[in-house]
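Number of protein chains: 2
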Amino acid sequence: MSDEEDMQKMKKAVVLSSGGLDSTTVMAIAKSRGYDIYSLSFRYGQRHCAELEAARKIAEQMQVVQHLVMDMDMKLIGGSALTDSIAVPKDWDEKERGDDIPVTYVPARNTIFLSYALGWAEVIGATDIFIGVNAVDYSGYPDCRPEFIAAFEKMANLATKAGVQGQKIRIQTPLIQLSKAEIIRKGTALGVDYGLTHSCYDPSDDGRACGHCDSCILRKKGFAEAGAPDPTRYQ
Amino acid sequence: MSDEEDMQKMKKAVVLSSGGLDSTTVMAIAKSRGYDIYSLSFRYGQRHCAELEAARKIAEQMQVVQHLVMDMDMKLIGGSALTDSIAVPKDWDEKERGDDIPVTYVPARNTIFLSYALGWAEVIGATDIFIGVNAVDYSGYPDCRPEFIAAFEKMANLATKAGVQGQKIRIQTPLIQLSKAEIIRKGTALGVDYGLTHSCYDPSDDGRACGHCDSCILRKKGFAEAGAPDPTRYQ
Chain A
481 MSDEEDMQKM KKAVVLSSGG LDSTTVMAIA KSRGYDIYSL SFRYGQRHCA
531 ELEAARKIAE QMQVVQHLVM DMDMKLIGGS ALTDSIAVPK DWDEKERGDD
581 IPVTYVPARN TIFLSYALGW AEVIGATDIF IGVNAVDYSG YPDCRPEFIA
631 AFEKMANLAT KAGVQGQKIR IQTPLIQLSK AEIIRKGTAL GVDYGLTHSC
681 YDPSDDGRAC GHCDSCILRK KGFAEAGAPD PTRYQ
Chain B
481 MSDEEDMQKM KKAVVLSSGG LDSTTVMAIA KSRGYDIYSL SFRYGQRHCA
531 ELEAARKIAE QMQVVQHLVM DMDMKLIGGS ALTDSIAVPK DWDEKERGDD
581 IPVTYVPARN TIFLSYALGW AEVIGATDIF IGVNAVDYSG YPDCRPEFIA
631 AFEKMANLAT KAGVQGQKIR IQTPLIQLSK AEIIRKGTAL GVDYGLTHSC
681 YDPSDDGRAC GHCDSCILRK KGFAEAGAPD PTRYQ
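See below:
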């Protein structure tokens, strides 16, 4: 068997894992498609580490081949409520929200995450990168849109050895057209334990969700619409 | 004066600075075009820190507004002679070199560098990012080609607030079509002190160049062809 055949047989995927509901569902989908999972999380100056702890538990439960936590000091760059001392907005009304890009947006975050994933994919010989971006219930982040993903994929194929040598790199976004409720239904069908996942932007010290930030509100609404029990521990 | 006019007046550029000959020339070019310079370097598990020391001195001498050194642990990813224990090739013959991508290639490095630059540009309100890639005397890295840069620029404009809000982000590559000799002539005309720059992949502990790695050979040849004195301290 040639090296190439061997690599195809392995079918490796890098899955970006935030420890949240979306990325965990994505991991279950990738697994159900027969990929060996290499999960990648980031310590990027988050105010709390509940999500990294969740990502670790999920990696263990999903039996990933390797779980990598990269350090990146986004605080040096700043500019977001998620890494700076800007207040996390609570109980936003849909109407108030408007078309503005929210303060929880971290500049170029998905671009940086995907770039690291691309580097790792190249080293381990994976041609598939999974990311849980979503264009339906998304929060107004420019780097969650299908046109951004398409442009990143095109760039990735020009950036790397694999791309240059004709192995197509694919950025897979299985949630991009799903509502939060559809995501939860899909994950539930695949046996995802959502009790392990963490979504809240502003949890208590013991990791319980605030129930009022943007992310909590979308999550709650999703469970309600999916008619699924919400296993989140709220404050 | 509106915020927008104020920002245009400022004309900020993020310049990727490796402390090497190319990026230092790029910085001088950006400065000559009237930009306020924000220089960005990376500590990415290089085997030596001579290049970071060079970048710091250059930032000081060029009077940049801010010099930022980001930590990124590329060693976790691995896969290159520049960060792993793979031997740096010496005295390669042009013919031996062939079309292969060399072992000094770091997977997705320019993609990651440019992604950080994009995040920083967004925070400080810069729309121009300068990078010293070169497609003439380049060493076979896929992420130094014009088509990669064009694809990154397109992606960047879809990834960010600035792009979405209609401020065009530009990835500027003033060296892309120049030979090493032309780069040196241009930099010399702009007053660059090449004695401050560092190119060697395998320097001695006191920062002197080996004179035999890929990067040293290209640099030497450049000074010879430009008819300029080579200020490099060799071992």
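Quick note, the sequences are listed as chains A and B, same order. Per our numbering: the first sequence = residues 481 to 715. Per our numbering: the second sequence = residues 481 to 715. Ideal Cβ positions, reconstructed from N, Cα and C, are used throughout, including at glycine.
DSSP beta-bridge partners for residue i?
i, result
"Lys700/B", "Bridge partners of Lys700/B: none, in fact."
"Arg650/B", "Asp608/B"
"His547/A", "Ser519/A"
"Lys492/A", "Asp516/A"
"Met552/B", "Met552/A"
Specify the secondary structure class of residue i as computed by DSSP and reduced to three states.
i, result
"Leu670/A", "coil"
"Met481/A", "Low local confidence applies: a pLDDT of 44 at Met481/A is under 50, so the model's placement there is unreliable, and no value is given."
"Ala689/A", "strand"
"Met507/A", "helix"
"Tyr714/B", "strand"
"Val644/A", "helix"
"Met635/B", "helix"
"Gly675/B", "helix"
"Gln657/B", "coil"
"Ser497/B", "coil"
"Ala535/A", "helix"
"Gly599/B", "helix"
"Ser695/A", "helix"
"Glu574/A", "Any reading at Glu574/A is ruled out, since the residue's pLDDT is 46, under 50, leaving its predicted position unreliable."
"Ala615/B", "coil"
"Arg665/B", "helix"
"Pro709/B", "coil"
"Pro683/A", "coil"
"Ala630/B", "helix"
"Arg625/B", "coil"
"Ala530/B", "helix"
Going by C-alpha to C-alpha distance, which of the options sits closest to residue i?
i, options, result
"Tyr681/A", "Ser519/A, Ala530/A and Phe632/A", "Ala530/A"
"His547/B", "Arg625/B, Ala601/B, Thr640/B and Pro711/B", "Ala601/B"
"Leu676/B", "Asp710/B, Lys491/B, Met550/B and Gly599/B", "Asp710/B"
"Lys492/B", "Gly514/B, Ala636/B and His678/B", "Gly514/B"
"Val506/A", "Phe522/A, Thr607/A and Ile664/A", "Ile664/A"
"Arg589/B", "Ala606/B, Met552/B and Glu662/B", "Met552/B"
"Asp686/A", "His678/A, Pro587/A and Gly599/A", "His678/A"
"Thr668/A", "Ser684/A, Ala708/A and His692/A", "Ala708/A"
"Gly643/B", "Glu627/A, Gly643/A, Ile649/A and Glu540/A", "Glu627/A"
Whole angstroms is fine: what's the gap from residue i's alpha carbon to residue j's?
i, j, result
"Ala706/B", "Ser695/B", "16 Å"
"Val672/B", "Arg699/A", "55 Å"
"Tyr621/B", "Lys511/A", "33 Å"
"Asp502/B", "Val616/A", "44 Å"
"Leu638/B", "Ala597/B", "15 Å"
"Ile656/A", "Arg713/B", "54 Å"
"Met674/A", "Lys701/A", "Note that residue 674/A corresponds to Tyr in the displayed sequence, not to Met. Rounded to the nearest angstrom, the two C-alpha atoms are 14 Å apart."
"Thr607/B", "Ala661/B", "29 Å"
"Gly599/B", "Asp623/A", "12 Å"
"Asp579/B", "Gly499/A", "Confidence at Asp579/B is low in this model, with a pLDDT of 47, below 50, so the placement of that residue is unreliable and no value is reported for it."
"Leu670/B", "Gly612/A", "47 Å"
"Val495/B", "Gln645/A", "30 Å"
"Ser625/B", "Asn614/B", "Contrary to the premise, residue 625/B reads as Arg rather than Ser in this sequence. Looking at the two C-alpha atoms, the distance is approximately 7 Å."
"Ser684/A", "Gln541/A", "24 Å"
"Asp516/A", "Ile649/B", "37 Å"
"Ile629/A", "Gln543/B", "37 Å"
"Ser659/A", "Lys666/B", "55 Å"
"Tyr524/A", "Gly691/A", "23 Å"
Does the Cβ-Cβ distance between residue i and residue j come in under 8 Å?
i, j, result
"Ile604/A", "Tyr518/A", "yes"
"Gln715/B", "Ala689/B", "yes"
"Gln652/B", "Phe610/B", "yes"
"Phe632/A", "Met635/B", "yes"
"Pro654/A", "Ile509/A", "yes"
"Thr504/B", "Pro587/A", "no"
"Leu532/B", "Val549/B", "yes"
"Ser497/B", "Ala535/B", "yes"
Does any residue of chain C bring its CB to less than 8 Å from the CB of residue i?
i, result
"Phe610/B", "The structure shown contains no chain C; the protein chains it does contain are A and B."
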